[in-house]
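See below for the structure under consideration.
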Amino acid sequence: MSRRGRSPLLHLRFRCAKARYMKNQELVKIFYEIADYLEMEEVAFKPYAYQKAAITLETLEEDVEKIYKKGGVKALEEIPGVGKSIAEKIEEYLKTGRIKYYEEFKKKLPLNLGEITSVEGMGPKKAMVLYQKLGIKNLKDLEKAARVHKIAFLFGFGEKTEKNILEGIAFLKKSKGRFLLGEILPRVKEILERLGKLKEIEQIDAAGSVRRMKETIGDVDILVAVKESKKPAFAKASADKIMDFFVQLSGIIKVWMNGPTKSSVRMEQGFDVDLRVVKKKSYGSALQYFTGSKEHNIVTRRIAIEKGLKLSEYGLFKGKKMIAGWSEAGIYKALGLPWIEPELRENQGEIEAALRQAQGKLNGLPKLVGYKDIKGDLHCHSDWDGGVNSIEELARAAKDFGYEYLGIADHTKFLRIEHGLDERKLELRNKEIDKLNQKYKNFKILKGAETNILNDGSIDIKNEALKKLDYAIAGIHSNFKMGKTEMTERIIRAMKNPNIDILSHPTGRILKRRDEYLCDFDKILRVAKEYNVVLEINAFPERLDLNDRHIRRAKESGVKMVINTDAHYKDQLRFIELGIAQARRGWATAEDIINTQSLEKLLKFLDKICQ
Ligand code: DGT
Ligand code: CA
Ligand code: CA
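The following block contains the structure:
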C-alpha cells in the first residue's frame, strides 16, 4: 500500500494542549483543524505543515501576539515550523479574529472536528464520510448513530468499528473534567510565581493532586500562609489583599467565590483553582491535609487517633494543645514517621514503609529518583522523520538543558508513518550524527531509532541497520486491538530480537483517549529481565506510559527503565519532568533508571545489553 507523495499527519499529537497564551491556543486548534480538512481532501504535504505549526505553537512559551507586535510577519516566520503562508494566516487572525481559509473549510464541512476526532480511531477521513452519509456533525450525533447501528452498514466501517466508536466515547466520558498534568503544571507555576511576589505572603505551595504530580488533575489547590503580625486586623487585611489580587489575575474567566479564607476561580483553559489562606502556625498541617490523597490522610488520621491525638488541617492536637502544625515534616515526625514524598502519598504502602523506616527496619521509603538526576534523553525525533527540528538544533537544546547526551530515535520505515526512515536514509542520518559529534566536547548525540513492531512481532527494518546504531527502540504503533495472547507474543518476539534494547510506551495507553492494549504485563517483565530489555517511561503528557503501578512492578522485578520524552520539537524536552514524576510515583530510584547514568556508564551498559 503505497501512498507516495502524500504526507499524512503524525500519529501522535498533543492535541488541544493548553498553550500558555490564549491566542496561541486558538491558533493551535485552528491549525490542527485545517490539517484535518486538508487531510480529508487528500492534499499533499500541506496538512503536515499545519500540524507542525500547531505542534510548535502549543509548546511555545511566548505569546504570538507579542512576537507579531514586535517584529511583524517576519518575526512570525522565525517560529520553527511556521512558513510564510502560515505566518500570514497568523497575522490575519491577529488582525481580524478570523482566517478566511479556515472559514471556507468550515462552510463546506460544518463539523465539530475536534470533538469527533477526539474519539480513538476517528480520523478526519472517517469523520468526513460520516458527515456526508449520515450528517454527523458532533459527538452527540456520532454516539446516537452508533447506538442505533447506522454506522456498521457503511462501506469501510462495520460492526467492529461501531463498537470501537462507542467504547471510545465511553472512555472520553470517563475522563471528562480531568486535565493532563502536562497542561496544568506550567500554568500553576506561573500562578505561584505571580502570587509569590506579594509581600503579604510568607509561604506558598500547590497542594492536592498537583503536588502529588498525578497524571491527571481535577482541580488545582493552592495554599498560602500570611505573614505574621501582632495585630489580627493586619493579618485579615493581608489575607483580603491576597485574595483580591488572586481573583484579578489575568486568564481568569469566572470567580466562583471570593471569601476571606478561600477563593475559587475558573481559568480560561477550563480548569478551576482554589486558593486557601491559612495561618502560619497551621501551614504544615494544612499542606499535609490538602496535599492528600484522601486515602493517605485517612491513615495518617488513624495513626494520630491511635496515639491519642487529633489531626486536622489546623494542626495536630493533644487535647486542646497544639503539638505540631507549622511544618509538614513536624506533623509526620509527631506521628512517629519520617516525611513522605508527596508523589508517594496514595496509600499504596508508603505509610507502612515509613513506619518500618522509623523502626530502623529494612524496606523503608525508597530514595526516589530526583528531578535533576536525568543526564540525557534517549527518545526524540528529528526532522529526518518529520519532527520539527534538525538534529543539531535538538542537540543544542539538550546541551542547554544540561544534558550529557541525546539519543535521536527517528521512526523507521513502517508504512503508516511515512516519514519513517529506511535502511539507506538511516545510514545517511547516522553520517550526519557522526559529523555533528566531532563538534562537541562533553556531549554526545547517540544514534538510535524507534522501530515498529509489526503484527507478527517482527521489526520493520533490517537487523544489519539496527546493528549500526548505538541502541534501538521498538514500539507498537498500529493494530492495538489484538487479543491478549497474540499481543503478548507479538511484543515478546520483538523483545527477543537481540538488536532491540528498549520497548517504547510499553502499554500503549493514551490519557483521555484510549486504554492500554491487552497484554500480559508479568510475562513482558519476565522477558525484559531475561533478555535485558529496558522499559520506557514515556514522558509525553498524554502518554505517561509506563504508569505508576507498572513502574513499581518493573522495579520489583529488577527490570531497568529509561525516562524519555518522545519529543517531536525541541521545547518538548522539558516534558522530562512529567516522566520523572511518574517514575517517582512508581517508587523508582536512580538505579532503576538507566539515563541517570553518565555517558560513559550508559555506553557501557548499552554495549552490554546489545550483546
Ligand atoms: P483532584 O483535584 O481530583 O485531582 O484530586 P485532589 O487530591 O487534589 O483532591 P481535591 O481537590 O478534592 O482535594 C484536595 C485534597 O484535600 C485531597 O487530596 C485531600 C484533601 N481532602 C479533600 N476532601 C477531603 C476529605 O473529605 N477527607 C480527607 N481526609 N481529605 C480530604
Ligand atoms: Ca485538586
Ligand atoms: Ca480542590
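Taking numbering that gives the first Met the number 0 as reference, the numbering of the sequence shown is continuous, increasing by one, and the terminal residue is 610. Glycine included, every Cβ here is placed at the ideal spot set by N, Cα and C.
Quick check on residue i: does DSSP put it in helix, strand or coil?
i, result
"residue 512", "coil"
"residue 596", "coil"
"residue 416", "With a pLDDT of only 49 at residue 416, under the threshold of 50, the placement of this residue in the model should not be trusted, and no figure is reported."
"residue 23", "helix"
"residue 128", "helix"
"residue 347", "coil"
"residue 608", "helix"
"residue 42", "coil"
"residue 148", "coil"
"residue 48", "helix"
"residue 410", "strand"
"residue 156", "coil"
"residue 544", "strand"
"residue 433", "helix"
"residue 500", "coil"
"residue 213", "coil"
"residue 578", "helix"
"residue 601", "helix"
"residue 59", "coil"
"residue 533", "strand"
"residue 178", "strand"
"residue 460", "coil"
"residue 251", "strand"
"residue 137", "coil"
"residue 296", "helix"
"residue 162", "helix"
"residue 506", "coil"
Can we count residue i as close to ligand 1, meaning its CB is less than 7 Å from some heavy atom?
i, result
"residue 289", "yes"
"residue 262", "no"
"residue 292", "yes"
"residue 175", "no"
"residue 296", "yes"
"residue 216", "yes"
"residue 213", "yes"
Check the DSSP bridge columns for residue i and list the partner residues they point to.
i, result
"residue 315", "310 and 323"
"residue 518", "BP columns for residue 518 are empty, so no partner."
"residue 404", "375 and 443"
"residue 275", "222 and 261"
"residue 102", "None; residue 102 has no bridge partner."
"residue 202", "224"
"residue 256", "263"
"residue 367", "588"
"residue 474", "451"
"residue 486", "In the DSSP output, where bridge partners are listed per residue, residue 486 has none listed."
"residue 560", "534 and 592"
"residue 566", "379"
Could you check whether the Cβ of residue i sits closer than 7 Å to any heavy atom belonging to ligand 2?
i, result
"residue 208", "yes"
"residue 219", "yes"
Taking the alpha carbon of residue i as the reference point, which residue from the options has its own alpha carbon closest?
i, options, result
"residue 60", "573, 599 and 180", "573"
"residue 278", "289, 288 and 238", "238"
"residue 336", "364, 316 and 591", "364"
"residue 193", "580, 171, 582 and 223", "223"
"residue 380", "98, 83 and 539", "539"
"residue 261", "268, 267, 272 and 253", "272"
"residue 565", "556, 592, 537 and 583", "537"
"residue 176", "268, 259, 199 and 112", "268"
"residue 499", "486, 521 and 461", "461"
"residue 55", "304, 109, 76 and 479", "76"
"residue 22", "70, 95, 47 and 34", "95"
"residue 673", "454, 197 and 521", "Missing from the structure shown is residue 673; the chain here goes from 0 to 610 and no further."
"residue 221", "297, 275 and 242", "275"
"residue 240", "199, 400 and 48", "199"
"residue 399", "214, 441 and 315", "441"
"residue 266", "257, 258, 259 and 253", "253"
How about residue i: is its Cβ closer than 7 Å to a heavy atom in ligand 3?
i, result
"residue 204", "no"
"residue 421", "no"
"residue 273", "yes"
Taking 8 Å as the cut-off, does the segment 556–576 touch the segment 349–359 (at least 3 CB pairs, one atom from each stretch)? With contact defined as three or more Cβ pairs closer than 8 Å, the segment 349–359 and the segment 556–576 are not in contact.
Taking one C-beta from the segment 321–331 and one from the segment 526–542 each time, how about it: are there three or more such pairs within less than 8 Å? No: fewer than three Cβ pairs fall under 8 Å.
Contact the segment 204–220 vs the segment 140–154: 3+ CB pairs below 8 Å: No, because fewer than three Cβ pairs between the segment 204–220 and the segment 140–154 fall closer than 8 Å, the two stretches do not touch.
Can you find at least 3 beta carbon pairs, one from the segment 344–351 and one from the segment 286–299, that sit closer than 8 Å? Below 8 Å, enough C-beta pairs join the segment 344–351 and the segment 286–299 to call them touching: three or more.
Take every Cβ of the segment 92–107, pair it with every Cβ of the segment 27–35, and state whether three or more of those distances are shorter than 8 Å. Flag = yes, the segment 92–107 and the segment 27–35 touch.
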